[in-house]
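Chains A and B, in that order, are what the protein sequence lines are.
Using the working numbering, the letters of the first sequence map in sequence onto residues 20 to 250.
Using the working numbering, the letters of the second sequence map in sequence onto residues 298 to 519.
The beta carbon of each residue, even a glycine, is placed where N, CA and C say it ideally should be.
Take a look at the structure set out below.
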Amino acid sequence: MKKILFGLYAAVSIALLVWAFELAVHAPAEMMQGDAYRIIFYHVPSASVAFLFFAISMAGSIGFLVLREKNPVKALAWDGWAVSGAEVGIIFCTVVLVTGPLWGYRAWGIWWAWDARLTTTLLLWLIYVSYLLTRRFAAGPQMRTSSAVLGIFGGIAVPIVYIANRIPGQHPGPVFGGDRASGMAPEILRPFLWNMVAWLFWGVLVLILRHQYELKQQAAAALEAEQSLNA
Amino acid sequence: MIDTLLTHLAKDLRIEWRSKEAINSMLFFSLLVVVLFSIAFDPRGAFSREISGGVLCVATMFASVSALNQAWAREIRHQVLDAQRMAPTAGAQMYLAKVLANFFFVSVVQILLAPVFLVFYNLHILGDGWLLLLVLPLGTWALVANGIFFAALSINSRNRELLLPLILFPIFTPALMAMVNATTGIFTGEFDPAIWIKLLVAYDIIYTTVSLLLFDTILRAE
Numbered sequence: 020m021k022k023i024l025f026g027l028y029a030a031v032s033i034a035l036l037v038w039a040f041e042l043a044v045h046a047p048a049e050m051m052q053g054d055a056y057r058i059i060f061y062h063v064p065s066a067s068v069a070f071l072f073f074a075i076s077m078a079g080s081i082g083f084l085v086l087r088e089k090n091p092v093k094a095l096a097w098d099g100w101a102v103s104g105a106e107v108g109i110i111f112c113t114v115v116l117v118t119g120p121l122w123g124y125r126a127w128g129i130w131w132a133w134d135a136r137l138t139t140t141l142l143l144w145l146i147y148v149s150y151l152l153t154r155r156f157a158a159g160p161q162m163r164t165s166s167a168v169l170g171i172f173g174g175i176a177v178p179i180v181y182i183a184n185r186i187p188g189q190h191p192g193p194v195f196g197g198d199r200a201s202g203m204a205p206e207i208l209r210p211f212l213w214n215m216v217a218w219l220f221w222g223v224l225v226l227i228l229r230h231q232y233e234l235k236q237q238a239a240a241a242l243e244a245e246q247s248l249n250a
Numbered sequence: 298m299i300d301t302l303l304t305h306l307a308k309d310l311r312i313e314w315r316s317k318e319a320i321n322s323m324l325f326f327s328l329l330v331v332v333l334f335s336i337a338f339d340p341r342g343a344f345s346r347e348i349s350g351g352v353l354c355v356a357t358m359f360a361s362v363s364a365l366n367q368a369w370a371r372e373i374r375h376q377v378l379d380a381q382r383m384a385p386t387a388g389a390q391m392y393l394a395k396v397l398a399n400f401f402f403v404s405v406v407q408i409l410l411a412p413v414f415l416v417f418y419n420l421h422i423l424g425d426g427w428l429l430l431l432v433l434p435l436g437t438w439a440l441v442a443n444g445i446f447f448a449a450l451s452i453n454s455r456n457r458e459l460l461l462p463l464i465l466f467p468i469f470t471p472a473l474m475a476m477v478n479a480t481t482g483i484f485t486g487e488f489d490p491a492i493w494i495k496l497l498v499a500y501d502i503i504y505t506t507v508s509l510l511l512f513d514t515i516l517r518a519e
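This is the structure we're talking about:
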C-alpha cells in the first residue's frame, strides 16, 4: 500500500514538473528583461526548497540530540532526516548558485556581485558542505552527535541569511511582501506558482528517497556490527 | 561555581606560560601572513588602507588555528580529557576558561603584531582609531569562542587538525565580514562602522550562548 502511494506521488511530481515546464516556456516575455526573467521559475523555487530542507535538517539534528538517550532507534531516523535535508538542500542551493549568475550576467553585466544576499547564500552552502565533511571525518559513535551539534550551528545561520535578504543591495528586492512596486502580473504569477509547487513536490520526493536510503544503510551497518560480534 | 572556572583558567595560563607554544607559533605564523600579503599586494597609500583591515583579520584567523588545535590536544595526553569528562563539574566552565585563555593569547599576538603591521603597511588611520579597541576584541572573541567549541567537536575525528578550519571558517565568516568591514571603515574613515559593530555584538552573543548550552553534549558525546 505504502509503495503504491509513493509511486503515485512520484508520478504526480513528475507530471507537475512537465506541466510547470510547459507553463514556464509559454509564459509571456517580461516587459524590461525579455526572456531572461524566466530563470525566476527555477531560481526562486530552488531557493525556497533549499531553505525548507535546511530547516528540516536542523529539526532532524535537534530531534536526534533530544532522543538519542531515551529512544536510540527513533533518534537514528531523525538523524536520517538531518543528513537527507542537508544533502538535498545543498543540491537545491547549488541550483540557486548556478542560476543566479546566469541571470546576473544578462541583467547586471557581471556574473557575481558580493552583496549580502549572494554572499550569505554562498555561505550557507559552505556551512552545509562542512556539515557533510564532519560526517565523513568524525569517527565512531559520537559522529552523529558532533554533526547534529554542527547542524544546529548551521541552522542558526539560516535566519541570519533571511534577514540579510531584506537588506537593500544589488539583488532584486523580495517579489512578494516587499514594497508597493513588488508583485507579479497574473499571467506570470500563475506559471511561477505552478513551478513552486512542482519543485516542492519533486524536492520532497528526492528527500524521502534519500531518507529511505539512509535508513537502509543504518540497518546494514547495524547488521554488520552484530555479525562481527557473533563471529 | 566560579572556582572551577578560575582553576581551569589558571591551569591553561600556566601551561602556556611554561611552554609558550601557542603564542610563539601564532606570532610567527601571523608575521608570515602579513609579510606574504605585503609582497603579494605591494601596499601603499590609500590602497594600503583599503586592504589592511582584511589582511589583519585574515592573518589573525589563520594564525589562531594553530593555537586552537593545541587547546584540546594538550588534554589528550595521559587521558586528562577522559578525567575531565568524568569530573562532576559542568563542561561549560571548562569551555569558558579555555575561551578566556585563548582570547588572551590571540590578543597578545595582536598587540605584538600591531607595530609591525603599521610599519609594513605604512598606515595612517583616518577614522576613529580607538574603535579598533572595540572591533578587534569582539572579532577575536567570535573567532575563539567558535574555535574552541569546534576544536572540541573535532577532537575525536580523523585528521582533526584539518577538520577544524574546514568547519570553523564557514561559520566564522559572517563575523569576519563584519570585522573586516568595521576595520576598513575605521582605517579609511569613509563610512560609519557602527552597523558592523552591532552585527559583531549580536553574533558574539548568539554563538557564545549556543556554545555554552551545547558544550556538555560535545564533551560527553559517546
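Hey, quick one: how far does the alpha helix (DSSP H) through residue i stretch, first residue to last?
i	result
A/N214	P205 to N249
A/P47	Per DSSP, A/P47 belongs to no alpha helix (DSSP H) and is neither H nor E.
B/A307	I299 to S316
A/G20	The question names Gly, yet the displayed sequence has Met at residue 20 of chain A. Looking at the DSSP string, A/M20 is not in any alpha helix (DSSP H), and its letter there is neither H nor E.
A/K93	P91 to A126
A/A78	I59 to L86
B/R371	G342 to I373
B/E487	Taken as a continuous stretch (DSSP letters only), B/E487 belongs to no alpha helix (DSSP H), as it is neither H nor E.
B/A389	G388 to F417
B/R382	V377 to M383
A/A132	It is not in any alpha helix (DSSP H) - A/A132 carries neither H nor E in the DSSP assignment.
Using 8 Å for Cβ pairs, my map puts residue i next to residue j. What's the rounded Cβ distance?
i	j	result
A/I109	A/V148	6 Å
Note down, in chain order, every chain B residue with its Cβ under 9 Å from the Cβ of residue i.
i	result
A/V102	Residues of chain B passing the Cβ test: none, with the nearest at roughly 16 Å.
A/I109	In chain order: nothing, as chain B lies at least about 13 Å away.
Cα-Cα, which of the options is closest to residue i?
i	options	result
A/A30	A/W221, A/W131 and A/L226	A/W221
B/L420	B/I312, B/L353, B/R517 and B/R315	B/L353
A/L219	A/K22, A/A66, A/I58 and A/L42	A/A66
B/W438	B/T514, B/S451, B/N456 and B/S361	B/S361
A/Q236	A/F40, A/E49 and A/A96	A/A96
A/L145	A/A176, A/L121, A/W130 and A/G128	A/A176
B/R311	B/P490, B/F401, B/I468 and B/T485	B/F401
B/A370	B/D513, B/I492, B/E487 and B/A448	B/A448
B/R517	B/V507, B/A380 and B/T505	B/A380
Please tell me whether residue i and residue j are closer than 8 Å, where the distance is taken between their beta carbons.
i	j	result
B/I494	B/L431	yes
A/G119	A/H62	yes
B/L302	B/A394	yes
B/G482	B/G424	yes
B/A398	B/D309	yes
A/L142	B/P471	yes
A/V216	A/V107	no
B/L440	B/S451	no
B/Q407	B/L433	yes
B/S327	B/Y418	no
A/R163	A/D98	yes
A/P157	B/N453	For the sequence presented, residue 157 of chain A should be read as Ala rather than Pro. Contact flag set, yes.
A/V115	A/T140	yes
List the residues of chain A that residue i touches, going by C-beta distances under 8 Å, in chain order.
i	result
B/I520	In the structure displayed, chain B extends from 298 to 519; residue 520 of chain B sits before or after that span and is not available.
B/T386	Here the premise fails: no neighbours, minimum Cβ distance about 20 Å.
B/I299	Residues of chain A passing the Cβ test: none, with the nearest at roughly 26 Å.
B/V507	I171, F172 and I175
Residues of chain A with a CB under 7 Å from the CB of residue i: which are they?
i	result
B/A518	Q161, T164 and S165
B/T470	L142
Which chain B residues sit within Cβ distance under 7 Å of residue i?
i	result
A/S149	L463, I464 and P467
Measure from the C-beta of residue i to each C-beta in chain C and report whether the shortest distance is under 8 Å.
i	result
B/L450	No chain C is present in this structure, whose protein chains are A and B.
Run through chain A and tell me which residues come within less than 9 Å of residue i, C-beta to C-beta.
i	result
B/L511	L84, V168, I171 and F172
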